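**Student:** The structure's right below; bear with me while I get my questions together.
2 protein chains.
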Amino acid sequence: MKKASLIVANAEKSADLLYATGFRAPDPYIYFAMGAKRGMILSELEYDRGLQECRDGIHVFRYEDFIRRGKRGMGDILRVLAKSLKAGSFLVPSDFPLGLADFLRHHGIEVKSSKHEFFPEREFKSEREIDCLREAQRITGLGMRRAENILRESDISPSGVLYWNGAPLTSEILRAEINIELIRHDAFAESTIAAGGVQGAEPHNEGSGELYTGAPIVIDIFPKIIATGYHGDMTRTFVKGEAPEIVRRAYQAVHNTRERCKTMVRAGAIPAEIHRFAAEFLAQQGFPTGRRANGKSYGFFHGLGHGLGLEVHEAPRMNLRNPVPFKGGEVVTVEPGVYDSAWGGVRLEDVVAVRGDCAECLTDYPDQLELD
Amino acid sequence: MKKASLIVANAEKSADLLYATGFRAPDPYIYFAMGAKRGMILSELEYDRGLQECRDGIHVFRYEDFIRRGKRGMGDILRVLAKSLKAGSFLVPSDFPLGLADFLRHHGIEVKSSKHEFFPEREFKSEREIDCLREAQRITGLGMRRAENILRESDISPSGVLYWNGAPLTSEILRAEINIELIRHDAFAESTIAAGGVQGAEPHNEGSGELYTGAPIVIDIFPKIIATGYHGDMTRTFVKGEAPEIVRRAYQAVHNTRERCKTMVRAGAIPAEIHRFAAEFLAQQGFPTGRRANGKSYGFFHGLGHGLGLEVHEAPRMNLRNPVPFKGGEVVTVEPGVYDSAWGGVRLEDVVAVRGDCAECLTDYPDQLELD
Chain A
4 MKKASLIVAN AEKSADLLYA TGFRAPDPYI YFAMGAKRGM ILSELEYDRG LQECRDGIHV
64 FRYEDFIRRG KRGMGDILRV LAKSLKAGSF LVPSDFPLGL ADFLRHHGIE VKSSKHEFFP
124 EREFKSEREI DCLREAQRIT GLGMRRAENI LRESDISPSG VLYWNGAPLT SEILRAEINI
184 ELIRHDAFAE STIAAGGVQG AEPHNEGSGE LYTGAPIVID IFPKIIATGY HGDMTRTFVK
244 GEAPEIVRRA YQAVHNTRER CKTMVRAGAI PAEIHRFAAE FLAQQGFPTG RRANGKSYGF
304 FHGLGHGLGL EVHEAPRMNL RNPVPFKGGE VVTVEPGVYD SAWGGVRLED VVAVRGDCAE
364 CLTDYPDQLE LD
Chain B
4 MKKASLIVAN AEKSADLLYA TGFRAPDPYI YFAMGAKRGM ILSELEYDRG LQECRDGIHV
64 FRYEDFIRRG KRGMGDILRV LAKSLKAGSF LVPSDFPLGL ADFLRHHGIE VKSSKHEFFP
124 EREFKSEREI DCLREAQRIT GLGMRRAENI LRESDISPSG VLYWNGAPLT SEILRAEINI
184 ELIRHDAFAE STIAAGGVQG AEPHNEGSGE LYTGAPIVID IFPKIIATGY HGDMTRTFVK
244 GEAPEIVRRA YQAVHNTRER CKTMVRAGAI PAEIHRFAAE FLAQQGFPTG RRANGKSYGF
304 FHGLGHGLGL EVHEAPRMNL RNPVPFKGGE VVTVEPGVYD SAWGGVRLED VVAVRGDCAE
364 CLTDYPDQLE LD
């Protein structure tokens with residue numbers, strides 16, 4: 004029985020599909036491969052553009068080339084595809100839609116979900132991809148620069164609220180200005196974090212309301228670069244004016260930890276061990292991890308980092324549950340942080356590419372806690 | 004055997020999950036329902052925010068509440084969930100990930116993919132949702148206004164290229180300025196179309212390069228409003244300066260068709276019939292649909308419209324393949340267009356809500372082809 008690979012997805016949501024074809028479209032389409040033969044099947048609407056924009060070596064078809072007896076459902080089209088390929092079995096990504104798989108199985112076609120990543124090679128970036136990621140970091144830095152400049156330009160009102168352009172500076176304004184700067188460089192960030200004070204103690208809190216002097220402001224920017232589909236990811240923490248002693252100590256501990264961990268990332272190193280080191284090193288510096296009686300966590304309670312590429316979060320994870328040594332070519336974030344609902348959070352995040360015996364840092368943005 | 008409903012998805016990608024919980028997070032999480040009991044299971048990282056932001060009546064749990072013997076895989080957690088609910092069967096959306104479904108089945112848990120929409124009620128909007136969509140259209144209109152103003156402010160160089168702010172006006176600049184205006188209102192548009200001349204003959208071509216006088220410029224804006232998750236969708240076609248006769252005729256035909264079709268959308272009307280009418284009416288006005296010998300399509304070769312809500316494209320479709328009469332409460336786009344690789348495209352798109360015996364237009368933006 005002949006086997007084919009198959010993806011049915013929206014390339015704006017499926018990094019695997021974008022990796023396979025290079026073709027972005029707002030609606031789902033079909034990608035298949037059998038031996039050296041690769042193809043995609045598009046709606047009439049996308050056909051001309053698909054021909055122009057897809058990767059070399061991919062044959063482009065229209066849905067109507069696979070419609071028999073007026074049956075236009077995605078499952079029907081896939082049955083005709085299987086027949087024309089003489090394939091009895093499809094290997095699909097693990098996030099392949101269940102409804103479609105069950106339909107094909109019901110009609111006697113085997114559908115096997117990939118046990119591992121569909122394109123394991125996505126974890127190991129080519130030089131071209133590393134260039135894309137370096138460029139993504141550069142653009143992300145323009146967004147960070149915009150945020151830093153706005154904080155520098157701000158005045159401090161008697162109540163401690165920051166004022167910018169004659170109005171109170173809020174997380175919403177700061178986030179919008181970051182995102183606008185990114186759009187000017189054709190990059191999109193949907194969930195930029197600009198969280199001040201105790202909001203920063205929740206690592207995914209995007210931040211809301213007025214920003215104050217003397218409290219840490221966590222800025223985490225992870226845009227997609229539209230032209231390439233690759234992502235940047237960068238976090239800095241700032242205080243406008245003077246930082247409280249606890250924040251200064253936390254910043255120093257996190258900074259030390261990030262720098263030490265970056266030197267540990269290399270071919271052969273084990274992600275879980277680097278994460279474990281980070282947690283222990285932070286504890287040694289006075290920032291242990293735990294949970295208060297009220298249920299709130301404090302310390303360092305997220306993974307040290309994650310792969311970065313066509314997805315913001317992809318393989319390999321750098322946390323306690325990943326014992327697989329780096330091989331070289333992985334691109335990962337290194338982002339220790341410490342959080343406490345009593346005073347907020349500090350996180351510092353760089354991106355590194357795993358080279359043979361070292362990591363190349365793709366982030367070129369300074370670290371400075373206190374802004375005048 | 005007791006049955007539960009289950010979604011495992013990323014709420015930034017799954018409209019069903021966002022509809023169920025109201026909680027956005029950058030990573031996948033679990034939603035379940037059994038009888039009146041509804042819950043979501045989040046990572047430690049999201050727990051506090053989830054408690055604050057989710058819909059009333061949803062219980063919030065942590066993954067670690069469902070970890071037994073250190074098994075932290077999503078499938079393992081779902082097995083513990085099934086046991087604690089005493090559920091032997093999960094009903095899931097048809098886009099539920101196959102790998103996870105096969106894992107659960109392998110462990111004796113039935114997984115049934117929903118044959119229809121998981122939340123069929125999503126098709127029929129509440130007054131609150133219609134308010135969200137009207138507001139989304141208002142914000143989308145601000146983006147369109149920005150584009151129109153830039154075209155009005157532009158000068159025409161001797162070669163016919165438009166100049167704005169002292170530089171040639173490109174699709175890229177126009178798109179960026181539209182998207183920036185949207186971001187100022189907390190709305191994101193990833194694939195805004197600003198396609199001039201013959202690029203506009205491909206309905207999903209986003210446009211690139213310099214824009215010219217005397218050629219149609221198709222602007223199609225479909226942002227997500229971040230605060231609510233609902234989308235706007237609006238298309239206008241402009242010519243800077245004088246429009247060629249063929250474009251003027253196409254514009255009039257498309258405008259007539261959109262207006263006639265809007266009056267046909269009402270409870271009891273059949274989407275396929277409205278689409279068929281649109282195609283025939285365009286042909287009567289001199290714009291039939293077909294394909295040239297070179298394989299290029301011309302005329303009106305996409306659906307007349309689609310449902311709009313938490314997804315840009317959702318049920319009900321308004322095309323030849325939807326014979327199901329409107330019931331009332333649906334919100335759909337009405338967007339006839341005509342395209343020709345010889346001169347470009349014209350598309351005009353409004354959004355209407357199906358009321359009893361009429362459609363309420365949610366779009367309040369003028370139609371004007373030629374801009375001085």
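Taken in order, these protein sequences are the chains called A and B. Residue numbers for the first sequence follow the working numbering, so the first one is 4 and each next one is one higher. Residue numbers for the second sequence follow the working numbering, so the first one is 4 and each next one is one higher. Backbone N, C-alpha and C define an ideal beta-carbon position, used for all residues, glycine too. From a predicted model like this one, the values you see are computed outputs, not experimental measurements.
1. Taking a Cβ distance cut-off of 8 Å, strictly less, list which residues of the stretch 274-303 of chain A are near chain B, in chain order.
2. Alpha helix (DSSP H) containing M147 (chain A): first to last residue?
3. With burial defined as no fewer than 16 other Cβ atoms inside 10 Å of the residue's Cβ, what is the status of E209 (chain A): buried or exposed?
4. Of all the options B:D223, B:A345, B:D79 and B:L214, which has the alpha carbon lying nearest to the alpha carbon of N182 (chain B)?
5. Rounded to whole angstroms, what is the Cα-Cα separation between V335 (chain A) and F127 (chain A)?
6. Start and end of the beta strand (DSSP E) containing L165 (chain A)?
7. My understanding is that V11 (chain A) touches P31 (chain A), with C-beta atoms under 8 Å, so please give their C-beta distance in whole angstroms.
8. May I have the straight-line CA-CA distance separating Y22 (chain B) from E156 (chain A), to the nearest angstrom?
9. Is it the case that the Cβ atoms of V354 (chain B) and L311 (chain B) are separated by a distance below 8 Å?
10. Using a Cβ-Cβ cut-off of less than 8 Å, list which residues of the stretch 177-190 of chain B approach chain A; keep chain order.
11. So what does DSSP say about V357 (chain B), is it helix, strand or coil?
12. Starting from V95 (chain B), trace the beta strand (DSSP E) both ways and give me its first and last residue.
13. Check the Cβ-Cβ distances between A104 (chain B) and every residue of chain A, and say whether any is below 8 Å.
14. Which partner residues does T292 (chain B) have in the DSSP bridge list?
15. Figure out for me which residue from B:N297, B:H305 and B:S17 has the closest Cα to the Cα of R279 (chain B).
16. Take F241 (chain A) as the anchor and find which of A:P247, A:R252, A:P219 and A:G232 has the nearest alpha-carbon.
17. Mind listing which residues of the stretch 25-40 of chain B have their C-beta closer than 9 Å to chain A's C-betas, in chain order?
18. Taking the CB atoms as reference points, tell me whether K6 (chain B) and L94 (chain B) lie closer together than 8 Å.
19. In chain A, which residues lie less than 7 Å from V95 (chain B) when you measure between Cβ atoms?
20. Can I249 (chain B) and W346 (chain B) be called in contact, C-beta distance under 8 Å?
21. With a cut-off of 8 Å on the beta carbons, I'd call P326 (chain A) and I273 (chain A) a contact; round off their distance for me.
22. Span of the alpha helix (DSSP H) holding F284 (chain B)?
23. When you compare the stretch 76-90 of chain B with the stretch 54-61 of chain B, are there three or more beta-carbon pairs, one atom per stretch, that lie closer than 8 Å?
24. Quick check: the Cα distance between R65 (chain A) and L136 (chain A), rounded to an integer number of angstroms?
25. What is the DSSP secondary structure of V349 (chain B), counted as helix, strand or coil?
26. Applying the criterion that 16 or more other CB atoms from any shown protein chain within 10 Å of the CB defines a buried residue, is S300 (chain B) buried or exposed?
27. Can you give me the Cβ contacts of R75 (chain A) inside the same chain, cut-off strictly under 6 Å, excluding the 5 residues immediately before and after it?
28. Exposed or buried, E124 (chain A), counting other C-beta atoms within 10 Å across all chains shown (16 or more means buried)?
29. Quick one: is N322 (chain B) near chain A, going by C-beta distance under 8 Å?
30. Using CA atoms only, rank isn't needed, just tell me which of A:G308, A:A246, A:G232 and A:G302 is closest to T24 (chain A).
31. Would A131 (chain A) be called buried (16 or more neighbouring beta carbons within 10 Å of its own) or exposed?
32. Determine which residues of the stretch 202-213 of chain A have a Cβ less than 7 Å from any Cβ of chain B, and write them out in chain order.
33. I need the straight-line Cα distance from L165 (chain B) to L172 (chain B), nearest angstrom please.
34. Are there 16 or more other CB atoms within 10 angstroms of the CB of G42 (chain B), so buried, or fewer, so exposed?
35. Fully enclosed by the stretch 25-64 of chain A, which beta strand (DSSP E) runs are 3 residues long or longer?
36. Can you tell me whether Q55 (chain A) is buried or exposed? The criterion is at least 16 other CB atoms within 10 Å of its CB, across all chains shown.
**Tutor:** Checking against the coordinates, here is how it stands:
1. Taking 8 Å as the cut-off between beta carbons, the residues of the stretch 274-303 of chain A near chain B are K299 and S300, in sequence order.
2. Here the alpha helix (DSSP H) through M147 (chain A) covers E130 to E156.
3. E209 (chain A) is buried by the Cβ-count criterion.
4. By alpha-carbon distance to N182 (chain B), the top candidate from B:D223, B:A345, B:D79 and B:L214 is B:D223.
5. So the two alpha carbons sit approximately 11 Å from each other.
6. That run of the beta strand (DSSP E) goes L165 to W167.
7. Under the criterion of beta carbons closer than 8 Å, V11 (chain A) and P31 (chain A) qualify as touching, at roughly 6 Å.
8. Roughly 40 Å between the two C-alpha positions.
9. Yes, they are a contact pair.
10. Residues passing the 8 Å Cβ filter: A179, N182, I183, I186, R187 and D189.
11. Residue state, collapsed to three classes: strand.
12. Under the DSSP assignment, V95 (chain B) falls in the beta strand (DSSP E) whose first and last residues are A90 to V95.
13. The beta-carbon of A104 (chain B) is placed less than 8 Å from the nearest beta-carbon of chain A.
14. T292 (chain B) is not bridged to any residue.
15. Considering only alpha carbons, the answer is B:H305.
16. Closest option to F241 (chain A), Cα to Cα, is A:P219.
17. Flagged, chain order: R27, A28, P29 and D30.
18. Cβ distance < 8 Å, so K6 (chain B) and L94 (chain B) count as in contact.
19. Contact annotation for V95 (chain B) against chain A: L101 [CB-CB distance below 7 Å, chain order].
20. Yes, these two residues count as a Cβ contact at 8 Å.
21. At roughly 6 Å, the Cβ-Cβ gap stays under 8 Å, so P326 (chain A) and I273 (chain A) are in contact.
22. Residue range P274 to Q287 is occupied by the alpha helix (DSSP H) that includes F284 (chain B).
23. Flag = no, the stretch 76-90 of chain B and the stretch 54-61 of chain B do not touch.
24. Taking the CA atoms as reference points, R65 (chain A) sits about 33 Å from L136 (chain A).
25. For V349 (chain B), the three-state secondary structure derived from DSSP is strand.
26. When all chains shown are included, S300 (chain B) counts as buried.
27. Hits under 6 Å: none found.
28. So E124 (chain A) counts as exposed.
29. With its beta carbon at least 8 Å from every one in chain A, N322 (chain B) lies outside the interface.
30. Closest by alpha carbon: A:G232.
31. In the sequence under discussion, the amino acid at residue 131 (chain A) is Arg, which differs from the Ala named in the question. Around the Cβ of R131 (chain A), a 10 Å sphere holds fewer than 16 other Cβ atoms; the residue is exposed.
32. From the stretch 202-213 of chain A, only E205, P206, H207 and N208 have a Cβ closer than 7 Å to chain B.
33. Cα to Cα, the separation comes out at about 5 Å.
34. The residue is buried, with at least 16 neighbouring Cβ atoms inside 10 Å.
35. Counting whole runs of 3 or more residues, the stretch 25-64 of chain A contains the beta strand (DSSP E) stretches 32-37 and 40-45.
36. Exposed.
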